[in-house]
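Novice:
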Amino acid sequence: MPVRVAVFTDEINRQDPASALELASDWGVEAVEIRTVPSGRFPRASDEELRELGRQIEGAGLAVSGVSPGLLKTPVTDPQAREQIETLMPR
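Quick note on this note's numbering: the sequence shown kicks off at 58 and runs consecutively.
In structure tokens, the structure reads:
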């Protein structure tokens, strides 16, 4: 299985995903990873914001190689970890 180079869009430009996607495409990157969007961490974005981001990714000719919902920033034994898993998993 070939390995693709991917970049986090928010490391290119957190406030303007379209600009980040355009640059990634210009650089020859094939895939992006999503961690944050202008409204905050990926799983807390509105459905409309996620749909728009999907349209932008598709329009840039890129794939999504992964998403980072920010889970397990606490020890797995911490009760907060279970709450994060239940509320922050991508929909």
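Where is the CB? At the ideal position from N, CA and C, for every residue including glycine.
Remember, it's a predicted structure, so these values are computed and weren't measured experimentally.
Starting from E90, trace the beta strand (DSSP E) both ways and give me its first and last residue.
Specialist: That run of the beta strand (DSSP E) goes A88 to I91.
Novice: Can you name the residues that DSSP bridges to G85?
Specialist: Answer is none; G85 lacks a bridge partner.
Novice: Suppose contacts are defined by Cβ-Cβ distances below 8 Å. Is A88 in contact with A63 by that definition?
Specialist: The answer is yes: Cβ separation under 8 Å.
Novice: Is A81 buried or exposed, if buried means 16 or more other CB atoms sit within 10 Å of its CB?
Specialist: The residue in question, A81, is buried, as its Cβ has 16 or more Cβ neighbours within 10 Å.
Novice: Going by other Cβ atoms of all chains shown within 10 Å of its Cβ, with 16 needed for buried, is T144 buried or exposed?
Specialist: So T144 counts as exposed.
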